[in-house]
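All remarks here apply to the structure that follows.
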């Protein structure tokens, strides 16, 4: 590291030159990625280095200090874990990756503490923020606990009591001092990383995906993390979504909310990943409850739009003493319109019927900006449909693979809401996998969908022929089309198998 002295007569401006290349080595990064993704080690490393170089000198020094505390023999996984704790944007990325079972176990082990860090912001600083926003707390009948409960990437959680006899319990979620400026700076850097990757796609051997555009969409959504008024609206909407579900508990808001403070009830529970059911059946039951709560319930919700929790890591998904699932932290949420949810269901239905043309048309409708490359999209669909012909059930994991391939290989441009939905699926997959390693999300989605389909059957008689207003988003016209097309599915199966055999022979 080199420090540059100021020129006499000019204001002091610290600049530094950190050798980040030596700190983050490419083979170390490659060892943490699954085999088929090891080729992305170089772009991951270079993107991370570009991000770190863009930090302000004081911030780079702070990151370097944290790295020095690890010692010279620290592994790449340890260094990446420490980096994630140093920057809010990397912290959020680390939380997402912490439950991705495709990554090396060592890396996930160092990232999982990001889900709930010990508090580092002094209580006195937080208490002063509360007084500045709410006025004297005693006059409100509010009494803070002796220390914060937990700290996350952008906020700190402080417990309190209130009401007659101080019998009622709540928590304040308070933005960290200066976090708005810090997050805005890092999100600008994230977009710069996207531009950096766009200019070097061929050199780095990565797909041409318009990374800057994708990172801009992600950045706009990550800003929700500090817009607590939006989180408060999300909590109210989530409470309505799950109001009639006895197995789900969403924290209810308290009256002490401001744009920088969310006040809500305190919910006690353990991370679903830390709960250890005695039997395999109980583990599977808990995993399916989490899966149904986070994904299936909003997917089949009534209404024109539904809210999805987009950060369902175990720190935000608790099991309460009475056996309910508590969903915490609604700052990051996605809204999927009825048309998008219907398209997801229709893609799965097209997959069951091996109807590649319909799947192609539906995926094109999901492309938010621009059109995917036709030939490449058909190739992606053919590859994923080949898995179905070999016996795979088109469900949760299959859909994720299809969307990923369409984005990477055929330049599908999903909306920012769909990108967040994809992020939710990735995190959820890791969470339910930690509850029950044998859990099959594809089979679970199929079971939940069939139960929903059977439950809505009596109402089908009263539905207009083409209406998709029922929870499954399948119209009577869709059912008739599926029945008429089912004989064609066999023909599509054998035609595709014949073509595959002919290609192999040639």
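Numbering (my numbering), first residue to last: 0 to 505. The beta carbon of each residue, even a glycine, is placed where N, CA and C say it ideally should be.
- Within the model, the alpha-carbon separation for residue 115 versus residue 314 is close to 6 Å.
- A Cβ-Cβ distance of about 16 Å is found for the pair residue 112 and residue 155, leaving them out of contact under the 8 Å criterion.
- Residue 332 and residue 502 have their C-alpha atoms some 45 Å from each other.
- With fewer than 16 other Cβ atoms from the protein chains shown falling within 10 Å of its own Cβ, residue 219 counts as exposed.
- Residue 329 sits away from residue 304, with the two beta carbons spaced by 8 Å or more.
- CA-CA distance, residue 34 to residue 456, rounds to 46 Å.
- One thing to note: residue 19 has its Cβ no nearer than 8 Å to the Cβ of residue 55.
- Here the alpha carbon of residue 405 sits roughly 45 Å from the alpha carbon of residue 255.
- Considered as a whole, the region 36-123 harbours 40-52, 56-67, 75-85, 87-96 and 104-110 as its complete alpha helix (DSSP H) runs of no fewer than 4 residues, in chain order.
- Annotation for residue 397: the continuous alpha helix (DSSP H) segment containing it runs 395-409.
- Within the same chain, 469 come within 7 Å of residue 458 by CB-CB distance, once the 5 residues on both sides are set aside.
- Judged by DSSP in its simplified three-state form, residue 262 adopts strand.
- Under the three-state reduction of DSSP, residue 269 is assigned to strand.
- The distance from the Cβ of residue 88 to that of residue 179 is about 13 Å, inconsistent with a contact at the 8 Å cut-off.
- If you draw a straight line from the Cα of residue 275 to the Cα of residue 436, it is about 12 Å long.
- The beta carbons of residue 366 and residue 411 sit about 5 Å from each other, so the pair counts as a contact at 8 Å.
- Linking residue 322 to residue 246 through their CA atoms gives a straight-line distance of about 7 Å.
- No residue range can be given for residue 241, since it is assigned to no alpha helix (DSSP H) and is classified by DSSP as neither H nor E.
- When C-alpha distances from residue 95 are compared across 419, 17 and 173, the shortest belongs to 419.
- Three or more beta-carbon pairs drawn from the region 39-50 and the region 183-198 are found closer than 8 Å, and the two stretches are therefore classed as touching.
- Residue 44 is a Cβ neighbour of residue 28, given a cutoff of 8 Å.
- Nearest C-alpha to residue 461 among 57, 36, 474 and 166: 474.
- Going by beta carbons, residue 438 and residue 286 fall inside the 8 Å limit.
- Residue 138 counts as exposed, since fewer than 16 other beta carbons sit within 10 angstroms of its beta carbon.
- DSSP places residue 440 in the uninterrupted alpha helix (DSSP H) bounded by 440-459.
- Beta bridge pairing from DSSP links residue 325 with 248 and 317.
- The closest CA to that of residue 347, considering only 214, 201, 384 and 62, is found on 384.
- Distance from the CA atom of residue 81 to the CA atom of residue 21, rounded to whole angstroms, is 16 Å.
- For residue 160, the enclosing beta strand (DSSP E) has its first and last residue at 154-161.
- The continuous stretches of alpha helix (DSSP H) do not include residue 255, and DSSP gives it neither H nor E.
- Using a Cβ-Cβ distance cut-off of 8 Å, the region 277-294 and the region 413-430 are in contact, since at least three pairs of beta carbons, one from each stretch, lie closer than that value.
- Under the three-state reduction of DSSP, residue 498 is assigned to helix.
- 40 is the residue among 40, 341 and 16 whose C-alpha sits nearest the C-alpha of residue 26.
- Taking residue 203 as the centre and dropping the five residues before and after it, the same chain places the C-beta of 41, 42, 45 and 196 closer than 8 Å to its C-beta, in chain order.
- Measuring C-alpha to C-alpha distances from residue 15 to each of 238, 23 and 60 identifies 60 as the nearest.
- In this structure, the straight-line span from the alpha carbon of residue 450 to that of residue 260 is close to 40 Å.
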